[in-house]
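A.B. asks:
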Amino acid sequence: MRVGLLLLLCFVVPLGSAVELAPESQALLAAATSGEVERVNDLLSQGVDVNTKNPTGRSVLHIAAFNGNLQTVRALLAAGADANLADGAGLTPLMEAASFGHLEVVRLLIQRGADVNVADQAGNTPLTLSNRGRHTEVSTLLTEMGATEGGGKEEKK
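The sequence shown lines up with residues -18 to -1, 1 to 139 when you count with mature numbering (1 follows the signal peptide of the UniProt record, and there is no 0).
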């Protein structure tokens, strides 16, 4: 339980931030962090916003993708979560999953319309992040789906 609370603090409550989220939103973020898909579904059925974000702009889907929680990602997408929602640094859920080599989460996000060539504020794409982490299966899948290191924005010569 303490590990779960520590993870929650790392992803939901950044140091020095003022938390102004409704208790239901906090509960959804916590459930996504710990991979409690039944709790996620219960909260969504109560009307909690599926695109709820923490104070740094990370959505519930970002957190589930980061943690590789395939069932939670599936539930959030089925409830209408935006697969291309960017956080405060421009990272998308696909970028989170690609960074950590969560192949099945990457596959599902792509199937649900995630942009394989999106770039964050630093210019990183899902393929860049996957390559950096040496996640060859993820990099292969992204490449097969049309991803490029430059995000499809290479200069024409």
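Virtual Cβ for every residue (Gly too), placed ideally from N, Cα, C. Just so you know, these numbers come straight off a predicted model, no measurement behind them.
If you draw a straight line from the alpha carbon of residue 84 to that of residue 120, how long is it in whole angstroms?
C.D. replies: Locating residue 84 in the sequence shown gives position 102, counting from the first residue. Locating residue 120 in the sequence shown gives position 138, counting from the first residue. C-alpha separation (whole angstroms): 7 Å.
A.B. asks: Output needed for residue 49: all residues of its chain with C-beta closer than 7 Å, excluding positions within five of it in sequence on either side, in chain order.
C.D. replies: In the sequence shown, the residue the question calls residue 49 occupies position 67. Counting only Cβ-Cβ distances below 7 Å, and skipping sequence neighbours, we find 15, 17.
A.B. asks: Quick check on residue 40: buried or exposed, where buried means 16 or more other Cβ atoms within 10 Å of its Cβ?
C.D. replies: To locate residue 40, count along the sequence shown from 1; it is residue 58. Buried: at least 16 other Cβ atoms inside 10 Å.
A.B. asks: Hey, how far is the Cα of residue 128 from the Cα of residue 107?
C.D. replies: If you number the sequence shown from 1, residue 128 lands on position 146. If you number the sequence shown from 1, residue 107 lands on position 125. Rounded to the nearest angstrom, the two C-alpha atoms are 12 Å apart.
A.B. asks: Start and end of the alpha helix (DSSP H) containing residue 77?
C.D. replies: As a working mapping, residue 77 is identified with position 95 in the sequence shown. Element bounds for residue 77: 75 to 81.
A.B. asks: Which residues in the same chain as residue 4 place their Cβ atom closer than 7 Å to its Cβ, once the five residues preceding and following it in sequence are excluded?
C.D. replies: By 1-based counting over the sequence shown, the position of residue 4 is 22. Taken in chain order, the list of residues that qualify is empty.
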